[in-house]
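J.: Provided herewith is a single structure, encoded as structure tokens, for subsequent inquiry.
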Amino acid sequence: MSTPLLITVAPTGAETTKADCPHLPTTLEELVTAAKECEAAGAGMVHVHIRDDEHRPTLDLARLTDTVQALHEATDLVVQLSTGGSVHDPLDQRLKVLDAEPDACSLTMGTTNFGDDVFSNPWPFVCDLYQLAQERGVVPEFELFDLGQVAALERLLGKYGLPSGGKVHVDFVMGVPGGMPGTAAALVAGVQAMPAEVTSWSATGIGRSTLAVMYASLAQGGHLRVGMEDVLTISRGVPVESNAQLVERAVEAGRIAQRVPMSGAETRELLGIA
Ligand code: KMH
Ligand code: ZN
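Under this note's numbering, read the sequence shown as residues 131 to 404, first letter to last.
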């Protein structure tokens, strides 16, 4: 019997420049094309950061709204907007992301050193964003960069109850310089510490930790996030050509583990999205 596998694709991120990586989907057209290819390859959800006309990260509301609509028209993927944005985005703008009416949003459970920068997620902001997501019926994906953030999730759920739809989906983002390492040992520790309310979880390893985290997640029955937000080489020194290439690799790893990729409709059911 095969078990379903959610593959979330994070095609763009906020950290890589178009100049450094011309294959990065930074325009709406490129993003929609990438999303369609990734859906055909086996993705069920897309985690979205957008760029402006100069390919710089932006949280412009009109662009975000157009992006959600375009992705809904072109695919059946669950559209998850990033509320993390870039390390330079102010907290009030990050709250306004929900005005674009996505199916889902990322919600990071605490402040993390992020390379030489700080990814700021103070507790009052986490609480405001969570309550706003509950009000708006937007399903959060709780992004955990560190083990302390697993405990913060338990605290949040204890204080404010379950998300819209009643499901609790977690994504371990591992291997960020400043966060937990992208190792099997760290993932085992994170999974063991998860609150009982968690109904599904995935993991992604940044950079060279990508394969270690992928196999560790599959070994524990977890789901996967892949994409050019997280890794830009397919093997040592070999650049990724497309996001679909990373989804295809995840599908293949899942196949060996007897896991079958979930469609957008199945992903909606998993995450409690109406
Ligand atoms: N770009 C990072 C600073 C998220 O999308 O919510 C934050 C990030 C997390 O990528
Ligand atoms: Zn992101």
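Idealized CB from N, CA, C, for every residue including glycine.
Treat the numbers as computed from the prediction; the structure is a model and nothing was measured.
Out of Ala346, Ser347, Val377, state which residue places its alpha-carbon closest to the alpha-carbon of valine 361.
T.: Val377
J.: Please report the straight-line C-alpha distance between glycine 174 and alanine 395, rounded to a whole angstrom.
T.: 8 Å
J.: Could you check how far apart the C-beta atoms of threonine 205 and glutamate 169 are, in whole angstroms? I think they sit under 8 Å.
T.: 5 Å
J.: Can you tell me which of the three DSSP states phenylalanine 255 falls into?
T.: Note: phenylalanine 255 maps to helix in three-state DSSP.
J.: For the ligand KMH, I want to know if threonine 146 counts as a neighbour, meaning its beta carbon is within less than 7 Å of at least one of the ligand's heavy atoms.
T.: For the ligand KMH, not one heavy atom lies less than 7 Å from the Cβ of threonine 146.
J.: Buried or exposed for threonine 238, please, with buried defined as at least 16 other CB atoms from any protein chain shown within 10 angstroms of its CB.
T.: buried
J.: Is valine 217 close to the ligand KMH? I mean its beta-carbon at under 7 Å from any heavy atom of the ligand.
T.: yes
J.: Quick check: does the Cβ of serine 236 come within less than 7 Å of any heavy atom belonging to the ligand ZN?
T.: yes
J.: Alpha carbon to alpha carbon, what distance is there between glycine 309 and alanine 342?
T.: Straight-line measurement puts the Cα of glycine 309 at about 16 Å from the Cα of alanine 342.
J.: On the DSSP bridge list, what partners appear for phenylalanine 275?
T.: Phenylalanine 275 pairs with nothing; no bridge assigned.
J.: Can the beta-carbon of threonine 242 be found less than 8 Å from the beta-carbon of valine 306?
T.: yes
J.: For the ligand KMH, I want to know if threonine 213 counts as a neighbour, meaning its beta carbon is within less than 7 Å of at least one of the ligand's heavy atoms.
T.: yes
J.: Kindly list the residues whose CB is nearer than 8 Å to the CB of cysteine 257, restricted to its own chain and excluding five residues on each side of it in sequence; keep chain order.
T.: Excluding residues within five positions, the ones whose Cβ falls inside 8 Å are Leu286, Lys289, Tyr290.
J.: Please return the same chain residues whose Cβ sits closer than 7 Å to the Cβ of leucine 225, not counting the five positions on each side in sequence.
T.: Apart from the 5 residues on each side of it in sequence, leucine 225 sits with its Cβ closer than 7 Å to the Cβ of Asp258, Leu259, Leu262 in its chain, given in chain order.
J.: Using the beta-carbon count (16 or more within 10 Å), is threonine 407 buried or exposed?
T.: Any answer about residue 407 is impossible in this case: the structure gives the chain only from 131 up to 404.
J.: Below 8 Å, can you find three or more Cβ-Cβ pairs linking the stretch 249-256 to the stretch 318-326?
T.: no
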